[in-house]
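Below is one structure, written out as structure tokens; the observations come after it.
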Amino acid sequence: MANSKMVRANEKIAGKIVGAFGKIEKSVVGGYTKIEDAFVDRYLAKDGETIEEAKKRLRKDKEP
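According to the working numbering, the sequence shown is numbered sequentially starting from 3.
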């Protein structure tokens, strides 16, 4: 019985850790995306071009 209580407690802790990691990952990736969008908008987009259009153009230019 002690093992089953420990297993359940361990699973509960693991679930919380995975959830916390997911939240951290989401916020980091979201922050990076915002910075990337701002950089593209400010320095790489041509007049009248949206951020998405500029990213597509840059990807296309990068291909050999």
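Where a beta carbon is used, it is the ideal one built from N, C-alpha and C, also for glycine. A quick note: this is a predicted structure, and the numbers were derived from the prediction, not measured.
Does the distance from the C-beta atom of residue i to that of residue j stay below 7 Å?
{"i": "residue 42", "j": "residue 26", "result": "no"}
Tell me which same chain residues have a C-beta within less than 6 Å of the C-beta of residue i, skipping the five on either side of it?
{"i": "residue 46", "result": "56"}
Report the residue ranges of all beta strand (DSSP E) runs contained in full by the region 27-64; include only those spanning at least 3 residues, in chain order. none
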